[in-house]
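Per this note's numbering, the very first residue in the sequence shown carries number 23; after that it's consecutive.
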Amino acid sequence: FFSLQVLLLACAEDLECVPGFQQKVFYIEKPFEFTEDQLVLNLKFDDCKGNNKLNFEVSNPDFTVELDGNLVALKNVSEVGRALFVHARSEHAEDMAEIFILEENEKRGALMELLKLEGNLGIPRQKRAILTTPILIPENQRAPFPRLVGKVIRSEGTEGVKFRLSGKGVDQDPKGIFRINEMNGDVSVTQTLDREAIANYELEVEVVDMNGKIIDGPVRLEISVIDQNDNRPMFKEGPYVGHVMEGSATGTTVMRMAAFDADDANTDNALLRYNILKQTPTKPSPNMFYIDPEKGDIVTVVSPALLDRETMESPKYELVIEAKDMGGMDVGLTGTATATILIDDKNDHAPEFTKKEFQATVKEGVTGVIVNLTVGDRDDPATGAWRAVYSIINGNPGQSFEIHTNPQTNEGMLSVVKPLDYEISAFHTLLIKVENEDPLIPDIAYGPSSTATVQITVEDVNEGPVFHPNPMRVTKQENISIGSVVLTVNATDPDTLQHQTIRYSVYKDPAGWLEINPTNGTIGTTAVLDRESPFVQNNVYTALFLAIDSGNPPATGTGTLHITLEDVNDNHPSLYPTLAKVCDDAKDLRVVVLGATDKDLHPNTDPFKFELSKQSGPEKLWRINRLNNTHAQVVLLQNLKKANYNIPISVTDSGKPPLTNTTELRLQVCTCKKSKMDCSATDALHISLTLILLSLLSLFCKSF
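Following this line, the structure appears as structure tokens:
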């Protein structure tokens, strides 16, 4: 075998014996095969004390190191990975050597890299006061502890000085993992190491005098934790679900499985290989899928014809996937996960009606679902390749029918949306087509079974008479005389083949104003029509009438009558307010603004005329001023004594003939002090008494 061994020369007289391997790193060219009992290389280990109880351990169980240091293969081996690790332990020392296995094109580059290193193999290129070599410690070592793992050498001797070690793992968290013998420089580990927790430690070594003063250093001391295969591959990203379309070509990638191994990614400890352990179900082939051992890609390996969802035992396959480290070797640790693969449906089956002709019966005048059309489809019910879409392609010129899909059953629900008339047509024939939501694949087409005929029979029923028009409208003047004819209604029976008679009656007459002749349908008044009635809304009075045929049982039709009432001047205007108050010493003698209202409509309302009744006595006490069409103002002509006064005021509307209403305005003259009005204990009605005396005097004079 080709061995790339690097010798770094140093002056022997400047060095003392360093326990451990004399060369720690080797590069060898990878052979076609390591043969049984063949020498690979020779390792030289010296604990400087005779190598008592020397023992070697190799990371690959297919190799061993004999007592003379020869590394040999125990059997024919073709795959060993990228590196071998040899751990040597004697009564007084232990060390680790690395053998890197290179491809032919790698050896030159590896050699050049190695020559760039300075001191990494334990022998320095030049004389230094403190000599350190990298320390390699396997993880997961067992007790006893502390365990000697390396040595720091001072070329100028150790008399009168001490070694001091510092850094992460010594005096920094995690503290106390490593320690150094102050007198001789022995480095020890105090506990088991875990490479997955911390892979490398960078420490510093100093030489100090007995007073703690630094004499040499600091010099870096590197400690690397050698990986052991102590972590199983793990699938962390589950659940793993993949989809593949039915009929896919052989070699179609379905999904990728990726496992994680916490061991050193640069070693075989984390070199994973994938394998399918189990497939469920095993039909139509026990090997439906293949997994790429290195990438973890799952692909189909059966023909497209076998990947037919409709003929499969189940469209779901479960694969138990194994990931094994150590490159898939038997000694590798394993982890498993389940990959679920769903065979997705494509629309390769057209829906078909379960029969060519469906029958339905419906009564005339009725709407709603009359028949459910059933279809079969072999595609996946959870997809648009199964869901049906129905359409009426013939026999529906009046758009009396509609068809919709029942989302639960996929049936076509045929409905009547416009009432059918037996007298017009007693039979209907519809041609129905069914398709899928998703388009069919190119080589599949809809056939004759995707259309069906529906024969619909309409049953005759006794239909109620129909008013013409409906609603009926008429305009009448309010207050027309009782017994006046309002309207003669007209109702006909749709059942023209039954020759039935019709009678009329009042259904709803809120004010009780109307009657109808049961035979000829003439509507007359039984009371005065009043536009101002609470039963009239927006000048319109509404009543309902019935037309009843002579069928068995009889059928009824309802007609609506709207009477628009024209206004006449039949309401007197009214005055507001009817009470006013004023202070007896008021400076503003404008007492009150009066308004007038009228229930009638224009022109039987405003403008209103306001007048005062004739005032008695030598002096006039008030007057009324018109403000606008609906309001006037009462004004005092002088201050009055505290008393109650009744002022008769007449208001006349503009109707023809006009109507007048006289209302007394009660005026209270009160005492006002400090913004308070006192209207109590007023004198007797001053004006009213005066008017009474004048009236009596007038009657007395007329009697003589």
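No residue lacks a Cβ here, since even glycine has one placed at the ideal position from N, Cα and C.
Beta-carbon separation of residue i and residue j under 8 angstroms?
i	j	result
T431	I454	no
G617	F489	no
P470	T356	no
Y412	T389	no
D285	D330	no
P516	S527	no
E445	L536	no
L328	P306	yes
I363	I245	no
V266	T322	yes
D571	I538	no
V263	I320	no
D208	L170	yes
I504	V558	no
K173	E125	no
H371	E424	no
Starting from residue i, trace the beta strand (DSSP E) both ways and give me its first and last residue.
i	result
N560	No beta strand (DSSP E) holds N560; DSSP gives it neither H nor E.
H450	F449 to N458
W644	W644 to R648
C694	T682 to K695
H109	A105 to R111
A119	E116 to L124
I237	I236 to I248
G579	T578 to E588
L170	R169 to K173
D700	K698 to D700
R612	R612 to T619
E344	K338 to K346
E537	L536 to I538
Q499	M494 to Q499
K603	L601 to C605
I414	A410 to N416
Report back the beta-carbon spacing between residue i and residue j to the nearest angstrom; my notes put them in contact at under 8 angstroms.
i	j	result
R201	L187	7 angstroms
I343	Y296	6 angstroms
G434	N369	Wrong, their Cβ atoms sit about 18 angstroms apart, outside the cutoff.
N668	Q690	Contact flag wrong, Cβ pair sits at about 10 angstroms.
I159	V211	6 angstroms
G42	L65	Not quite, the Cβ-Cβ distance comes to about 11 angstroms (not below 8 angstroms), so this is no contact.
F282	K317	Rounded, the Cβ-Cβ distance is 15 angstroms, inconsistent with contact.
Of the choices the options, whose alpha-carbon is the least far from that of residue i?
i	options	result
G387	P441, L587 and D402	P441
H114	D84, R648 and N73	N73
K664	L643, V604 and D620	V604
K696	P670, T627 and D607	D607
S672	F185, L551, F375 and I646	I646
Y312	F380, S336 and T272	T272
N626	A654, P595, F632 and V613	P595
A287	I298, D252 and K300	D252
K621	Q44, S676 and Y339	S676
T497	S503, E588 and R553	E588
L649	K642, V657 and L643	V657
I199	V247, N492, D700 and R176	V247
V183	E218, D231 and A221	D231
P491	I478, Q477 and T514	T514
H450	A382, P493 and E55	A382
T180	E204, D460, Y49 and N162	E204
R553	V562, T547, G546 and I545	V562
L63	P240, K631, P403 and L106	L106
D352	D314, K378, P337 and L293	L293
E79	A361, R111, L96 and E485	R111
A448	N458, P464, I466 and V483	V483
P419	P326, V439 and D402	V439
Which residues share a DSSP beta bridge with residue i?
i	result
E1	The chain is shown only over 23 to 726; residue 1 falls outside these bounds and no answer can be derived.
F630	Answer is none; F630 lacks a bridge partner.
H594	Bridge partners of H594: none, in fact.
Q213	Its beta-bridge partners do not exist; DSSP assigns none.
V321	T275 and Y312
M256	F282
V511	Answer by DSSP bridge pairing: none, since V511 is not bridged.
P670	E686
I365	V266
T526	Checking the displayed sequence, the identity of residue 526 turns out to be Tyr instead of Thr. In DSSP, Y526 forms a bridge with A569.
I152	R176
Can residue i be considered in contact with the ligand MN, in the sense that its beta carbon sits closer than 7 angstroms to one or more heavy atoms?
i	result
I671	The ligand content of the structure shown is nil, which means the ligand MN is not present either.
Does any C-beta atom of chain D lie closer than 8 angstroms to the C-beta of residue i?
i	result
D366	As a matter of chain content, chain D is missing from the structure shown, which is built from one protein chain.
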